[in-house]
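S.K.:
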């Protein structure tokens with residue numbers, strides 16, 4: 009009963025390094041999302057993918073890129089990490105694009121940029 | 014655009030006491046509203062959702078929320094707090110402005126439960 013799986017769970021990077029956060033879901037969901045969570049700010053949407061082959065920017069896309077590799081997998085890439093990108097990153101999925109659809113979340117990747 | 018406001022970043026209750034977490038929304042169209050719970054070092058889990066079928070929505074773990082259009086509120090309640098309820102709670106509204114479901118989250122309320 010895996011649901012949404014994120015790897016890695018923890019990572020420390022130096023400024024300027026690059027990294028890809030991986031996300032996979034086994035619920036056959038069409039839509040997938042990447043959020044960042046910062047203290048006192050709730051969750052903010054970075055990018056989303058309504059369906060396989062499509063991606064769109066969310067609220068805070070600068071400094072990130074994404075790839076919807078197939079229906080199951082949606083990765084987030086930091087090309088040149090900056091200390092401001094220190095955060096907890098969550099991947100989520102939902103069955104379709106319907107407005108009443110709940111999103112299912114992974115356990116997060118805790119990323120520190122030194 | 015839709016938005017939610019959660020009043021109180023921290024709420025403290027005693028075990029057995031009533032839990033009340035407040036959420037007010039702003040929406041130009043009938044909203045879809047959600048409450049999520051986050052336990053330490055975990056992702057968010059859906060507690061309940063409002064989709065206009067009924068104004069009083071029952072969720073998991075004994076929580077419920079009442080949609081009040083006149084007050085633009087969707088407060089979360091539980092009659093009797095348990096130690097295991099200690100967590101952070103997020104209210105969210107479905108932003109329909111783009112024609113695609115995007116959740117807009119409040120800033121969260123951390124519930125502290127004392128013995």
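Chains as they are written, first to last, in my numbering: chain A, 9 to 122; chain B, 14 to 128. All C-beta atoms in this analysis are idealised placements derived from N, C-alpha and C, irrespective of residue type, glycine included. It should be emphasised that the depicted structure is a prediction, and the values quoted were computed from it without experimental measurement.
#1: Would you grab the beta carbon distance between residue 89(A) and residue 121(A) for me? Rounded to a whole angstrom, and I think it's under 8 Å.
#2: Can you find a C-beta in chain B that's less than 7 Å from the C-beta of residue 93(A)?
#3: By the three-class DSSP mapping on this structure, what secondary structure does residue 62(B) have?
#4: Please tell me whether residue 113(A) has its Cβ less than 7 Å away from any Cβ of chain E.
#5: Look at the Cβ atom of residue 20(A), then the Cβ atom of residue 99(A), and state whether they are nearer than 7 Å.
#6: Check the Cβ-Cβ distances between residue 80(B) and every residue of chain A, and say whether any is below 7 Å.
#7: Between which residues of its own chain and residue 114(B) is the CB-CB distance below 6 Å, once the five residues before and five after are set aside?
#8: For the segment 54 to 84 of chain B, which residues have a CB atom closer than 8 Å to at least one CB atom of chain A, in sequence order?
#9: What did DSSP end up calling residue 115(A) once you bin it into helix, strand or coil?
#10: What's the gap between the Cα of residue 44(B) and the Cα of residue 64(B)?
M.R.: The answer reads as follows:
#1: About 5 Å; that satisfies the 8 Å criterion.
#2: Answer no: the Cβ-Cβ gap between residue 93(A) and chain B never drops below 7 Å.
#3: Three-state result, residue 62(B): strand.
#4: Considering every chain present, this structure includes no chain E. Its protein chains are A and B.
#5: No, Cβ-Cβ distance for residue 20(A) and residue 99(A) is not below 7 Å.
#6: At a cut-off of 7 Å, the C-beta of residue 80(B) has no neighbouring C-beta in chain A.
#7: Cβ neighbours of residue 114(B) beyond the five flanking positions: 107.
#8: Correct list: 54, 55, 56, 57, 58, 59, 62 and 64.
#9: Three-state DSSP puts residue 115(A) in coil, outside helix and strand.
#10: Taking the straight line joining both Cα atoms gives about 7 Å.
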